[in-house]
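Working notes, beginning with the structure itself.
Protein chains in written order, with the working numbering: chain A, 8 to 408; chain B, 4 to 240.
In structure tokens:
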């Protein structure tokens, strides 16, 4: 028996019972479609988070005050609050040869006003190194001036959006704005760069770190961002940071240093697991579709007993009958899978329309997995009905009409 | 050509054992025209299925053209059914979703024959059986006589040596029944062995050799035509 004949026979048989065939296609399409859509969503979430972290900069270390890990030993008799990070700590870090840039960060909110327009804005106090560390771009003017970090000066860099709100289309460079009780001269405007980790770099005002400390009347830093000289130096830079801070904090390990890579790897793991989980849930529906295929094929076999008996009488071997019925369930599975991919494409398109900023790409592996799983399901669940057909006694099947 | 000896077949129906065939001995030569008659349950269909390799005896030997059939496995038997045996049924057993031509083509498809050869043979058969304008029709668009002609075309498309017919006219009116019998008899004249199960005595009497079965045994086996007129008994062994 030729393969084309097997396929033609199976297709004719499927077309011969349209309701049954449509139901089976629907079940398989929903199964494959949900697998692809769910894995696309999971993958999209993962890509989204990772791109957010990557946009922070490269070879990045972040120093936070306070310790997030415990290291054995008896609990202290007196409660110790973690020492604050200071500007001096940040300056000291620059001595390490593994570290290229150090950007101390002070964060706060203050009213920013100009010519009667006033708004509460996030104020970020830092040094010129922030420019390299966060890979910022200027739309005009220049970034914070080099010089002694501990000296305050009344200059500021505006985010793209806040510039639009305060100045509109008129030039802002050289103008002054009032931040809190202080007047600052605008020396630069940030280019439009979009969000990174929830902080909208367009809706921000950057001032020298010493000015920010004076503005918020605080000597402590929110965190310190560090760029290592290269990727290989990240681990050593991390050790050096811990060592330097420990020496400055009377031997206490009271800071946490996280590397961007570690964060990225963690998120990658979490989201890969998440994706696999939701895909697995989707795969259950493929299994359900498989069981439906088995059920319907079993019914088909008993409906077509006489046909099976006839095929045997005119010389079909048992293997040929198995092939014919297996081909039928395989074809239904493949068509169902193809339909499922269309459903998935439509679903993804719909989600993209609803959430345009969410990056969605159908992962290739999920397409392949969806189609392969459905085909395997069709074959596996098709075996039992096909075997039953082959085992039918031709005399009995022919004697009933 | 066909040689059955001491063929036994027992069916279990519920707790009871039914002896469908009890030690049947039968020899049929090439080109014979045999009718098998008898009341229902006498084992005539079982005998036909046995000859057609659809059923296996519980004991006894069956030689077909000198080859022991009981030793063959399923797929070897299937190959013989494909090439040497043609079946014709009371209920035609056409595949409902296929056209007449496709039904006729089916055995050649199973045999893996080349498409061009298939088309040629189907065309010839369709013409020979007077189905030219019906070839594209599905079975439910055909009359009973036409359906049986399609079934005969299908049974003979592989040029078998033996034609087995189980009540071929049982579901037909008299006119199309006669038509079908005429076709079968003309095939028999072309040296195809024809074995027909029927319980229509008139039909059975047309065969040169008439076998009567009762209760799983051959009760009588006569060849009345040898002495043209009169039902002179010619018991054969």
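Here a beta-carbon is modelled for each residue, glycine too, at the ideal position from N, C-alpha and C.
From a predicted model like this one, the values you see are computed outputs, not experimental measurements.
1) Residue 377 of chain A and residue 42 of chain A - do their beta-carbons sit closer together than 7 Å?
2) Please list the terminal residues of the continuous beta strand (DSSP E) segment that includes residue 146 of chain A.
3) Is it buried or exposed for residue 236 of chain B, if we count other Cβ within 10 angstroms and need 16 for buried?
4) Is it right to say residue 393 of chain A is buried, meaning 16 or more other beta carbons lie within 10 angstroms of its own, or is it exposed?
5) Counting only C-beta atoms, is residue 74 of chain B closer than 7 Å to chain A at any point?
6) By a C-beta neighbour count over all protein chains shown, 10 Å radius and 16 as the cutoff for buried, is residue 186 of chain B buried or exposed?
7) Beta-carbon separation of residue 110 of chain A and residue 134 of chain A under 7 Å?
8) Grab me the residues of residue 240 of chain A's own chain with a C-beta within less than 7 Å of its C-beta, minus the 5 sequence neighbours each way, in chain order.
9) List the residues of chain A whose Cβ lies closer than 9 Å to the Cβ of residue 141 of chain B, in chain order.
10) Can you list, in chain order, the residues of its chain whose CB lies under 6 Å from that of residue 124 of chain A, leaving out five sequence neighbours each side?
11) Rounded to whole angstroms, what is the Cα-Cα separation between residue 30 of chain B and residue 202 of chain B?
12) Quick one: give me the first and last residue of the beta strand (DSSP E) that residue 3 of chain B is part of.
13) When we look at the beta-carbon of residue 209 of chain A and count the other beta-carbons within 10 Å, is it buried (16 or more) or exposed?
14) Check each candidate in A/164, A/269, A/216 and A/187 and name the one with the smallest Cα separation from residue 196 of chain A.
15) Is there a Cβ from chain A that is less than 7 Å from the Cβ of residue 61 of chain B?
16) What number of angstroms, rounded off, separates the C-alpha of residue 32 of chain A from the C-alpha of residue 309 of chain A?
17) How do the region 316–327 of chain A and the region 85–105 of chain B stand: do at least 3 beta-carbon pairs fall below 8 Å, yes or no?
18) Measuring CB atoms only, is the region 345–359 of chain A touching the region 17–34 of chain B, in the sense that at least three cross pairs come out at less than 8 Å?
19) If we call anything under 7 Å between Cβ atoms a contact, is residue 176 of chain A one with residue 91 of chain A?
20) Take residue 90 of chain B and list the residues in its own chain whose beta-carbon comes closer than 7 Å to its own, dropping the five residues that flank it on each side.
21) With H, G and I counted as helix, E and B as strand and the rest as coil, what does DSSP make of residue 235 of chain A?
22) Nearest to residue 10 of chain A by alpha carbon, out of B/223, B/174, B/101 and B/113?
23) If you count every other CB in all the chains shown that lies within 10 Å of the CB of residue 365 of chain A, and 16 or more means buried, which is it?
24) Counting only Cβ-Cβ distances shorter than 8 Å, please list the residues of the region 307–328 of chain A near chain B, keeping chain order.
25) With a 10 Å radius around its C-beta and 16 neighbouring C-beta atoms as the bar for buried, classify residue 47 of chain B as buried or exposed.
26) Quick check on residue 327 of chain A: buried or exposed, where buried means 16 or more other Cβ atoms within 10 Å of its Cβ?
27) Determine, for residue 401 of chain A, whether the minimum Cβ-Cβ distance to residues of chain B falls below 7 Å.
Concretely, from the data shown:
1) A distance below 7 Å separates the beta carbons of residue 42 of chain A and residue 377 of chain A.
2) Run containing residue 146 of chain A: 145–148, per the beta strand (DSSP E) assignment.
3) Note that residue 236 of chain B has pLDDT 48, beneath the 50 cutoff, so the model's placement of it is unreliable and no number is given.
4) That one is buried.
5) No, residue 74 of chain B lies away from the interface with chain A (no Cβ there is under 7 Å from its Cβ).
6) It counts as buried.
7) Going by C-beta atoms, residue 110 of chain A is nearer than 7 Å to residue 134 of chain A.
8) Counting only Cβ-Cβ distances below 7 Å, and skipping sequence neighbours, we find 105.
9) Those do not exist, as residue 141 of chain B stays about 10 Å from chain A at its closest Cβ, beyond 9 Å.
10) Answer for residue 124 of chain A: 173, listed in chain order.
11) Rounded to whole angstroms, residue 30 of chain B and residue 202 of chain B show a C-alpha spacing of 21 Å.
12) As shown, chain B starts at 4 and ends at 240. That puts residue 3 of chain B outside it, with no answer to give.
13) With 16 or more other CB atoms across the displayed protein chains lying within 10 angstroms of its CB, residue 209 of chain A is buried.
14) If you compare the alpha carbons of A/164, A/269, A/216 and A/187 with that of residue 196 of chain A, the shortest gap goes to A/164.
15) No, because no Cβ of chain A sits closer than 7 Å to the Cβ of residue 61 of chain B.
16) When rounded, the distance between both Cα atoms is 21 Å.
17) Result yes; three or more Cβ-Cβ pairs closer than 8 Å.
18) Segments in contact, no.
19) Contact annotation: residue 176 of chain A and residue 91 of chain A have beta-carbon atoms that are not nearer than 7 Å.
20) Within the same chain, Cβ atoms closer than 7 Å to the Cβ of residue 90 of chain B are found at 55, 158 and 167, the five residues on either side in sequence being excluded.
21) It is a strand residue.
22) The residue with the shortest Cα to Cα distance from residue 10 of chain A is B/113.
23) Exposed, since its Cβ has fewer than 16 Cβ neighbours within 10 Å.
24) Within the region 307–328 of chain A, those residues whose Cβ lies closer than 8 Å to any Cβ of chain B are, in chain order, 313, 314, 316, 317, 318, 319, 320, 321, 322, 323, 324, 325, 326 and 327.
25) Taking a 10 Å sphere around the C-beta of residue 47 of chain B, we find 16 or more other C-beta atoms and assign the residue as buried.
26) Answer is buried; the Cβ neighbour count reaches 16.
27) Chain B, which has a Cβ nearer than 7 Å to the Cβ of residue 401 of chain A, makes this yes.
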